[in-house]
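Take this note's numbering: the final residue in the sequence shown is number 274, and no numbers are missing along the way. Beta carbons: idealized from backbone N, C-alpha and C, even for Gly. No experiment lies behind these values; they were computed from the predicted model shown. Take a look at the structure below.
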Amino acid sequence: MKVLIVFAHQEAQSFNAALLARSVVELTALGHTVRISDLYAMRFNPVATAEDFGERRFPDRLQYDREQKYNLQQDSLSGDIAAEIEKLLWCDLLILQFPLWWFSVPAIMKGWIDRVFVNGAVYGAGRRYDTGGLAGRRAMVVTSTAAHPGMCAPDGLVGALDVVLWPIQNGMLAYAGCKVLPPFVSYSVNFVDEATRHRYLDDYAERLRQLETTEPLFFHPLADFGEDWRLKPGIAARTIGQGKPIG
């Protein structure tokens, strides 16, 4: 299996860096091919601007998504975007690894998604969810938080983790066509002892050994929705995004 890990953490001695290193060792030992986009180390530019395009279809007013599609067709996207698209379309499994900041990904990873999930390749013109441009691929969120596990329970201070991750797992990965595997989350990483951090590393290694047999999360397919873009009568909501009770 071909695995792309998009990694967002500034510190080479962080727990996240240790998690990344362990994943590369484990995946390689399992016979997978691994490529890494280490966004901070690459100094990846997260800002989406007109400079991303070598040509302009609409020179008078920037319409970013339409220019994405046009420049993809003209092979005139900026070099850094083109290089990341090549990796993205190469992989069978996409892993987004990041510390959870303000209930989301760090800005540099959001910028990677904004610039690399391009119209015409990943989404657009009938490409969404089960017909998305990344259909046939799997994806997984690997994240860490300072929050205690109880905080991320349905009745916890932060709220249910599947609610927190919904915009990422549904709005980015599933929307693009990926089958999304359950996330791997390391809790209270700022506060736990060294033994617990080592257990997290071992638990993650075990998750990676089970990649090919892990059941993806459920997201409603397009066929479940009517012409009004709402669930058809008789289709019960099975996700928190469509109204399934939490907990």
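Relative to the alpha-carbon of residue i, which residue among the options has its alpha-carbon at the smallest distance?
i: R62; options: F34, A75, R88, E82; result: F34
i: K137; options: I195, T170, A56; result: I195
i: Y156; options: V169, Y202, L120; result: Y202
i: L57; options: G151, E239, D92, P181; result: E239
i: V30; options: A44, R234, L120, F218; result: L120
i: V168; options: D189, L188, P210; result: P210
i: G204; options: L228, L244, Y91; result: L244
i: R164; options: R236, L89, L115, R226; result: L115
i: L192; options: T266, V219, A222, I262; result: T266
i: V52; options: W117, E221, D229, Q40; result: D229
i: C118; options: S64, Q40, M28; result: M28
Cutting at 6 Å between CB atoms, please list the residues of its own chain near residue i, excluding the five before and the five after it.
i: L7; result: Absent from the structure is residue 7, since the part of the chain shown begins at 28 and ends at 274.
i: L200; result: A166, V207
i: R234; result: F211
i: N217; result: A173
i: A264; result: G270, K271
i: G253; result: K259
Sorted by chain position, which residues of the same chain lie with C-beta nearer than 7 Å to residue i's C-beta, five sequence neighbours on each side aside?
i: L99; result: V145, G147, A148
i: N43; result: H36, Q124, P126, S171
i: Q101; result: E82
i: R84; result: R93, E94, Y97
i: D79; result: L104, S105, I108, R142
Going straight from the alpha carbon of residue i to that of residue j, what length do you get?
i: T76; j: L54; result: 36 Å
i: A134; j: V212; result: 19 Å
i: V190; j: A68; result: 30 Å
i: P275; j: W129; result: Outside the shown range of the chain (28 to 274) lies residue 275, about which nothing can therefore be said.
i: H59; j: D255; result: 43 Å
i: I140; j: R226; result: 31 Å
i: E242; j: A109; result: 32 Å
i: F71; j: D107; result: 8 Å
i: R236; j: G261; result: 38 Å
Should residue i and residue j be called a contact, given that it needs their Cβ atoms to be closer than 9 Å?
i: K206; j: A180; result: no
i: E82; j: S103; result: yes
i: N197; j: G270; result: no
i: Y231; j: L46; result: yes
i: D284; j: G153; result: The shown model of the chain, from 28 to 274, leaves out residue 284, and the question about it has no answer.
i: V143; j: I112; result: yes
i: A187; j: S215; result: no
Item to complete: Check whether the segment 31 to 46 touches the segment 109 to 124, counting contact only when three or more Cβ pairs, one atom from each stretch, lie closer than 8 Å.
Response: yes
Worksheet entry | Cβ contact check for the segment 240 to 251 and the segment 72 to 86: 3 or more pairs under 8 Å | no
Fill in: the segment 158 to 177 contacting the segment 86 to 100, beta-carbon criterion three pairs below 8 Å
no
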